[in-house]
Every structure is written in structure tokens, then in C-alpha cells.
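**Student:** Structure incoming, see below.
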């Protein structure tokens, strides 16, 4: 049975927003697994880490398995320490997003996050030999490669995950573009990224929406939406489908995907309700179909 | 500064003069001969062009009284002087001062730097331009000297005079 | 004292000979396919060209490093393996790799071959670097352009391999090997296809008033005023609007190139073993000027003379240069 997961929150939502968000997710969302932890900016972690034990307990009471994700970028002392501490956890599965975490984890079981570049069967085989039990494929991987990677991973006994909803991570940097947009530096950012719950929109000089800034991360303007592709993904051996949290009703998003996975609702119908939930954000599935990532290819049947 | 603004009238006059003496009609066979000889000596250029061999390039040296039309297909190699206002179709256009273009061909100057400084304009099919640039950049030695050499002593003399005119102009520009 | 090896770019055989003649200690290059991160039109080497290039470089005591630094998508791994096989057969001196599957293949198949970890692997901590050293026998790491010199010095003390840093050329803003910006707009991937703002999708439009727009796959990247210096049409050097800003601004970085000429003594002192000059897509003219300038500077410093530093600003993007992250944490 294909599992539905919720990825870690990429944005700097306030502690209160997060508490409310996860309370609803725990009680109402038809999700199997939830990833927690700060992946983007180590400066944000102190704001919501104190709530982590309660959030974990709440989600587990709601029947969700909790996995903890590590930072994508590890450079500073505090980032190295955070990574080391996280991967030392024995109570929960960890998803590793940086090679620094791989070194510390050694051959202990772990998950490979989307920032680890598990692009192909050779890399996946290598990672499996070093303790990986589950792989989240890069968001830009096209269907032909997903199919081959998933097959190899399943033969190795790994779980295979693909992002099916939410803005795609297009780049990370050492520089904070949120701070830069407000004339500040990363060290003096005053957490200005908190202003943009769904990322700060960038438009081209002629006014076309193009990207979203989230601290050091650059995201797609469009929400990746592989609702119509869920059947194919499952048939190709993808075991977990990941929804990335956006500032919309994520419970309803999860319900739409669950309904399609269960065959309770046709993809067209669920797609229409998803469309209503997502406001003006365009949908895209171009990466999956091997074309420009921002494009939306109507499913060829 | 934009190239139109810093065109030195003295240098321009010299080149215009040279252009009028060698009319399009007269220069035609020379250009064809030069490009065939260079093509014969450097066949690897065509490999780097790939399918863009079939593209046409309009090379527009702003001081010349005509533009140059290049079709780098070894099976139908053509390099022609064409009037600017009646230039045939080209997939890509490359525009700059004559000596800049000559120096780019000879890799005495860097094309990207000339683009950054806005001394070089490219339009049309950018991949065609990039391929042509990379193909020519892999040629050892001076294509300009080879071309001048093909024309014998007069060719070399013209090239030397052009270079001198350009250098003194550049120097004058610096002093001013 | 660090040897301060100069690692120089070559997009063509002629550029490779130019780099060697100008004093390169090593030249890096790639094949004409997706196996390297400068898979640009008309650039790079056929196996025959690489064979001659290796012979030429070795005759002048220079090394040839083969970039196999992209990420094979599943189903295409054989292209990378066969590139490694060809490189090994032709006697290159090291492979520059990023993908763990590619690194593993080379480490197992050619255990005597030197492996360098590409900047595309984005290893920016001692732990990440040590992971690649311990597992694949990596002998050198090319550091991302995001660290200050004190940070580089600290890393050096904690890793068992040599450090190579960029000193000149394109100022990469995004963590390399983690950037899908080009793929988002064009459908061609930096990681899987080795392209960045591919020329096939680039359009320059000259307007009547002397301004020039650059577009990538139909998206405006920038519009340069009449006479304003230009940059590459890359997404990370583009101008964008944001809701709280009145005018379009360089949201990531303005067109600018990295130039660490004045920091060379500090880099050598910090234990940087090799200096990389970016620019396989640039001309022989660029290679000649930049390599000669840095050859002189490094030789001066190693001989205890004040470094003679040639002005290279004319070759830089936007005709501007920066010391980026190396000089100050404020860059971040």
C-alpha cells in the first residue's frame, strides 16, 4: 500500500503556527508518516525545537510515524553539532540531507533525504550498502529514471519516496536572500523570513511570477502536483508519496491525495478540489515528465 | 560606452575608404577563396559546429560599408559581402567593430568579456553563435594572418595597416 | 609551504595547450557529453583530442584532470562509467567526481587513480569531506565558494586530504550540485545534463533605445540599460521584482566575478594546496591572460616577493569583481 508522507516545513513559521498546524495534521490528516526538523536554516531551529517532543507525541497519538530530518547545508559549528546530535538519535528514524550526517551515522539505518542526490541505481546501491533503508529521490528526476531507481531500490529492500505536492526546492545557498531582500546579512537577518509563510515571491522584470525565496533556499513559484501520476508512481514501485507543507489547508490536500490513492475519487475530481485549495499558485509536473519544471503537462492517457 | 558613441572618425574614414576601393563585387572571390583555404586547413572547426554548419551567420563589422554573410557548411561553404539593407536571412547576427571581430576570431580578445562590456552584440540563435565562437577558438595560430597570407603581400600590408590604425586610435581614445 | 598549484580550465584542445604554455600546473577538462558540468555547445574533448592533450600536457610536466562531475540519472550510468574507462585508458592524472555511484565505480575499478571531490558534491564541512575520503579514497576536495579563509584554515586541520579553492571566474552563488534553476525554466538539468542556462534557450534582444534584454526559455532574466555592463543570462544573476521593493533588483547576486588575487598569500598560509581558475567556456585569450597573471602572482609569493597582480577586471562578468564569501561573513 502506497504511503502518504508530509515533508518537513521549509519555512519559518512561528512556534504557535506550527503547534496548530501539527495538531490538525495529527488529528485529521490521512497521512502515514510525518517528517519534522529544520532542514533549511540552522538559525531558526531554537524557535521550534523546544516544542518538538510534544509535537512528536501528538503526531504519534494520531497514528503517524515520525521521522526527523537533518539540515541540508552544514558548514558552521552549530550546524555540525545539530547534525551530529540528530543522527545520534535512536528513538526515531532519521532522514539525512548532508554527507556530514552520513559520516556520523555510519552503518546505522537511516533514510536518504532529497538533498542527498540519490539520482541513480549506482548511488542508491552504494547508499544501501552503508545503511540507507529509504530513499527520497531528487525532485527533478524524470519518470524514466524514477522507474529504474525505484526498481533497484525495492530490490535492495529500500523504501522509495517522491515529492508529489508543494513547491520544489530549486537551490540552496550560503547566502540568505530573504535578508538580502531587506538590506540585511544572514548574521543580522532578524528573522525577516517569518513574514513570508509561503515564500517571498520573485517576478521577472516584465512582471511574470517565477521563483520563491525562503531564506537560503530558492523554490519554484509553482506547486509540484503529481496527483494524476500517483497511480503510475505506485505501479513503478514508489512506496511513499511526499506532500510538502504550504500555507494552505494541508489536511484537505492530504485528503485529496488519499482519496485518489484509495481509488475513492477520480484524479480529475480530486484535482479540481485541490485547485480550489491552492489559490493562485500554478501547478507543475514538468520535472516528472522530463520537460521544463514549471510546465504542467496534462496526463496523456 | 556604446560603440556608436566612441567611433573614431579617423579610423572609420580609413576603413570606409578601404571598403569603397574594394567593392562588394571585387571582394567576393577573395572572401570565398580565403574561407575555403581556412576550411581546408582546419576541418575540426566543422565538427565543433555540429548541425549548426547549416546555419547562416551575419557578421556585421560596423565600420565596413557592407556586412559579411557566412554559411559554414563544408559542402557549400560561402562567405560573402552583402549590403546591410539587403542582407539575406541569417540564424545569428554578430555585431561589433571590425578590429574587435578580428581579434575575437584570433582569440586575442575574449568574446564573453566583449559581450559583458557591451562592445559585442549578438542576436538570433545564441547556440549558433556560441558554437561558432568555440569552433574558431580551437584553431591554433592567427586566422587573420592566414587570411591575409592567402592574399599575399598586399593582404598582409592591409592587415598591418588596419592593426596600426586601430592601435593608434585606441591610444588616442585613452589619451582623450 | 603550500605549492599553490594552478588548476586551469580548458574547453578545447587549443585552450589546453594555451593553459599549459602559460604555466598551468594542471588543466581540467571534460568530454563532449553530459558527464561534465560544462556540457556546452562546441566545447570539450573527443577521446582522440584528449589523448593528444594528455601527451602534450605530460610533455610539459602538467597534469590533466578529467571532470566527471555531474550526476547520472538512473538508466544512464553507463555513459559515466565508459567516460571513466576512457579517461583511465588515456592516462589522465585524476578524476573530478561528485556522484557517489561514480566515485564508487572508479574507486573499485581503478584503485590507483586519484580522485578529486568536485565542488558539485557540495562538501562544506570536515565531516562531509571525511565521508568521501574514508569511503572513496578522495585525495583532494574542491571547496564550495561559501567559506571564509579562517573557516578554510579550520577545515584543513580536520581533514586528511588536500584543499583546492576557486580563485577566479564565475562566482557561483548556489550550492553547486543542488541547483535545479536551469531545469525549472528550460527542461535541461545542471546536475544531469551538465548545462547552466543553455545557449539554445538564451535570447538577447536589442531594443531601439540601446537597452538589451536577456531571456531564458522566454523568461526575462535581466534588462541592461544603454552602456550598462552585462553578465551571463543565468538565473542567479538576474534582476527580479519583490512585493516590498519598488524596483527590480539583483535578488541573488549582481553580475560579478570572483577574484582572489589579493588573498593568495592568506590562502597559501591557510594551507590551500591548489587554486582553481574557472572558465572552461571562455576563450584562449581569457585562459592566456588569467593563467599568466596568476602564475606570476603565485611564483612571486612563493619566492617571498610582493605579488605582482595584473588587473583582470576587463575579463570579469559585469566588469566587476568580488572576494565573495572568502573575505567576510557579511557576504552571506
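Protein chains in written order, with the numbering used here: chain A, 211 to 511; chain B, 2 to 177; chain C, 293 to 624.
Backbone N, C-alpha and C define an ideal beta-carbon position, used for all residues, glycine too.
As the structure is a computational prediction, the values presented were derived from the model and not from experiment.
#1: Would you say residue 529 (chain C) lies against chain B (beta-carbon separation less than 7 Å)?
#2: Whether or not the region 446-454 of chain A and the region 360-371 of chain A are in contact is what I'm after, with contact meaning three or more pairs of Cβ atoms, one per stretch, closer than 8 Å; do they touch?
#3: Tell me whether the beta-carbon of residue 485 (chain C) lies closer than 7 Å to the beta-carbon of residue 509 (chain C).
#4: Near residue 527 (chain C), what residues of its chain come up, given a Cβ to Cβ distance below 6 Å and the 5 sequence neighbours on each side ignored?
#5: Counting only C-beta atoms, is residue 304 (chain C) closer than 7 Å to chain B at any point?
#6: Give the residues of chain C in contact with residue 467 (chain A), contact being defined as C-beta atoms less than 9 Å apart.
#7: Can you tell me whether residue 342 (chain A) is buried or exposed? The criterion is at least 16 other CB atoms within 10 Å of its CB, across all chains shown.
#8: With a threshold of 16 other CB atoms inside 10 Å of the CB of residue 222 (chain A), please say whether the residue is buried or exposed.
#9: Run through DSSP, which three-state label would residue 542 (chain C) get?
#10: Using a Cβ-Cβ cutoff of less than 6 Å, which residues in the same chain neighbour residue 148 (chain B) once the five nearest sequence positions on both sides are dropped?
#11: Could you check whether the region 371-381 of chain A touches the region 425-437 of chain A, counting it as contact only if at least three pairs of C-beta atoms, one from each stretch, sit closer than 8 Å?
#12: Establish whether the CB of residue 607 (chain C) and some CB of chain A are separated by less than 7 Å.
#13: Can you list, in chain order, the stretches of the alpha helix (DSSP H) that have 4 or more residues and sit fully within the region 321-355 of chain C?
#14: If you follow the beta strand (DSSP E) that residue 602 (chain C) is part of, which residue opens it and which one closes it?
#15: Taking Cβ positions only, does residue 323 (chain C) come closer than 7 Å to chain B?
#16: Along the region 45-57 of chain B, what residues have a CB closer than 9 Å to any CB found in chain C?
#17: To be precise: take each residue of the region 494-511 of chain C, compare its Cβ to all Cβ atoms of chain B, and keep it if any distance is under 9 Å. Which residues remain?
#18: Hey, does residue 479 (chain C) have any beta-carbon neighbour from chain B nearer than 7 Å?
#19: In this structure, how does DSSP classify residue 461 (chain C) when only helix, strand and coil are distinguished?
#20: Report the three-state DSSP secondary structure of residue 480 (chain C) (helix, strand or coil).
#21: Going by Cα to Cα distance, which pick from C:315, C:458 and C:336 is closest to residue 617 (chain C)?
#22: Is the shortest distance between the beta-carbon of residue 474 (chain C) and the beta-carbons of chain A less than 7 Å?
#23: Taking the alpha helix (DSSP H) that residue 569 (chain C) belongs to, which residues open and close that run?
#24: Which residues mark the beginning and the end of the beta strand (DSSP E) in which residue 411 (chain C) is found?
#25: Measuring only the C-alpha atoms, how far is residue 467 (chain A) from residue 379 (chain A)?
#26: Could you tell me how far apart the beta carbons of residue 456 (chain C) and residue 568 (chain C) are, in whole angstroms, since I believe they sit closer than 8 Å?
#27: What residue range does the alpha helix (DSSP H) around residue 460 (chain A) cover?
#28: For residue 138 (chain B), return the contacting residues in chain C, with the cut-off set at a CB-CB distance below 8 Å.
#29: Taking only three categories from DSSP, how would you classify residue 329 (chain A)?
#30: The region 367-396 of chain A: which residues have C-beta closer than 9 Å to a C-beta of chain C, in chain order?
#31: Below 7 Å between beta carbons: does that hold for residue 388 (chain A) and residue 339 (chain A)?
#32: Per DSSP, residue 424 (chain A) is paired with what?
#33: Is the region 80-99 of chain B touching the region 44-63 of chain B, taking contact as three or more C-beta pairs under 8 Å?
#34: Out of A:461, A:329, A:288 and A:390, state which residue places its alpha-carbon closest to the alpha-carbon of residue 536 (chain C).
#35: According to DSSP, simplified to helix, strand and coil, what is residue 434 (chain C)?
#36: In angstroms with no decimal places, state the Cα-to-Cα distance between residue 384 (chain A) and residue 431 (chain C).
**Tutor:** Taking the coordinates as given:
#1: The residue given as residue 529 (chain C) occupies position 237 in the third chain. So, not an interface residue.
#2: By the Cβ test, the region 360-371 of chain A is in contact with the region 446-454 of chain A, since at least three Cβ pairs between them sit closer than 8 Å.
#3: For the purposes of this step, residue 485 (chain C) is taken as residue 193 along the third chain, with counting starting at 1. For the purposes of this step, residue 509 (chain C) is taken as residue 217 along the third chain, with counting starting at 1. One thing to note: residue 485 (chain C) has its Cβ no nearer than 7 Å to the Cβ of residue 509 (chain C).
#4: As a working mapping, residue 527 (chain C) is identified with position 235 in the third chain. Close CB contacts of residue 527 (chain C) within its chain, under the 6 Å cut and outside five residues either way in sequence, are with 473 (chain order).
#5: By 1-based counting over the third chain, the position of residue 304 (chain C) is 12. Closer than 7 Å: yes.
#6: As a first step, residue 467 (chain A) must be located in the first chain, where it is residue number 257. The premise fails here: residue 467 (chain A) is roughly 23 Å from chain C at the closest Cβ pair, so nothing lies under 9 Å.
#7: Along the first chain, read from residue 1 onward, the residue named residue 342 (chain A) stands at position 132. Classification of residue 342 (chain A): buried, given that the 10 Å Cβ count is 16 or more.
#8: The sequence position of residue 222 (chain A) within the first chain is 12, counting from 1. Burial of residue 222 (chain A) is indicated by the presence of at least 16 other C-beta atoms within 10 angstroms of its C-beta.
#9: Position 250 of the third chain holds residue 542 (chain C). The answer is strand: DSSP assigns residue 542 (chain C) an E or B state.
#10: The residue labelled residue 148 (chain B) in the question sits at position 147 within the second chain. Here the set comprises 35.
#11: Under the Cβ criterion (8 Å, minimum of three pairs), the region 371-381 of chain A counts as touching the region 425-437 of chain A.
#12: Indexing the third chain from 1 puts residue 607 (chain C) at position 315. Taking Cβ atoms only, chain A never reaches closer than 7 Å to residue 607 (chain C), which makes this a no.
#13: Runs of the alpha helix (DSSP H) inside the region 321-355 of chain C: 339-351.
#14: As a working note, residue 602 (chain C) is residue 310 in the third chain. Run containing residue 602 (chain C): none; DSSP gives neither H nor E here.
#15: Translated into positions along the third chain, residue 323 (chain C) becomes position 31. Not one chain B Cβ lies under 7 Å of residue 323 (chain C).
#16: Flagged, chain order: 45, 48, 49, 50, 51 and 53.
#17: Residues passing the 9 Å Cβ filter: 494, 495, 496, 497, 498, 502 and 504.
#18: Along the third chain, read from residue 1 onward, the residue named residue 479 (chain C) stands at position 187. No, residue 479 (chain C) does not count as interfacial toward chain B.
#19: To locate residue 461 (chain C), count along the third chain from 1; it is residue 169. Here residue 461 (chain C) sits in strand by DSSP.
#20: Indexing the third chain from 1 puts residue 480 (chain C) at position 188. Residue 480 (chain C) falls in the coil class under three-state DSSP.
#21: Here residue 617 (chain C) is taken as the residue at index 325 of the third chain, counted from 1. Closest in C-alpha terms to residue 617 (chain C), from the list C:315, C:458 and C:336, comes C:458.
#22: Position 182 of the third chain, counted from the start, is the residue given in the question as residue 474 (chain C). False, the Cβ-Cβ gap to chain A never drops below 7 Å.
#23: Locating residue 569 (chain C) in the third chain gives position 277, counting from the first residue. Element bounds for residue 569 (chain C): not the alpha helix (DSSP H) but the beta strand (DSSP E), 566-569.
#24: The residue you call residue 411 (chain C) lines up with position 119 of the third chain. No beta strand (DSSP E) holds residue 411 (chain C); DSSP gives it neither H nor E.
#25: Along the first chain, one-based indexing puts residue 467 (chain A) at 257. Along the first chain, one-based indexing puts residue 379 (chain A) at 169. C-alpha of residue 467 (chain A) to C-alpha of residue 379 (chain A): approximately 21 Å in a straight line.
#26: Taking the third chain and counting its residues from 1, one reaches residue 456 (chain C) at position 164. Taking the third chain and counting its residues from 1, one reaches residue 568 (chain C) at position 276. Indeed they touch by this definition, with Cβ atoms about 5 Å apart.
#27: The count along the first chain starts at 1 and reaches residue 460 (chain A) at position 250. Unbroken alpha helix (DSSP H) run through residue 460 (chain A): 460-471.
#28: For this step, residue 138 (chain B) is matched to residue 137 along the second chain. Scanning chain C for C-beta atoms nearer than 8 Å to the C-beta of residue 138 (chain B) yields 303, 304, 306, 307, 575 and 576, reported in chain order.
#29: By 1-based counting over the first chain, the position of residue 329 (chain A) is 119. Three-state DSSP puts residue 329 (chain A) in coil, outside helix and strand.
#30: Correct list: 378, 379, 380, 381, 382, 383, 384, 385, 386, 387, 389, 390, 391, 392, 395 and 396.
#31: As a position in the first chain, residue 388 (chain A) is number 178, starting the count at 1. As a position in the first chain, residue 339 (chain A) is number 129, starting the count at 1. Their beta carbons are not under 7 Å apart, which means residue 388 (chain A) does not touch residue 339 (chain A) by this criterion.
#32: Residue mapping note: residue 424 (chain A) aligns to position 214 of the first chain, counting from 1. When beta bridges are read from the DSSP output, residue 424 (chain A) appears opposite A:427.
#33: Result yes; three or more Cβ-Cβ pairs closer than 8 Å.
#34: Indexing the third chain from 1 puts residue 536 (chain C) at position 244. The candidate whose alpha carbon is nearest that of residue 536 (chain C) is A:390.
#35: Along the third chain, one-based indexing puts residue 434 (chain C) at 142. Three-state result, residue 434 (chain C): strand.
#36: The residue you call residue 384 (chain A) lines up with position 174 of the first chain. The residue you call residue 431 (chain C) lines up with position 139 of the third chain. Each residue's Cα considered, the two are about 25 Å apart.
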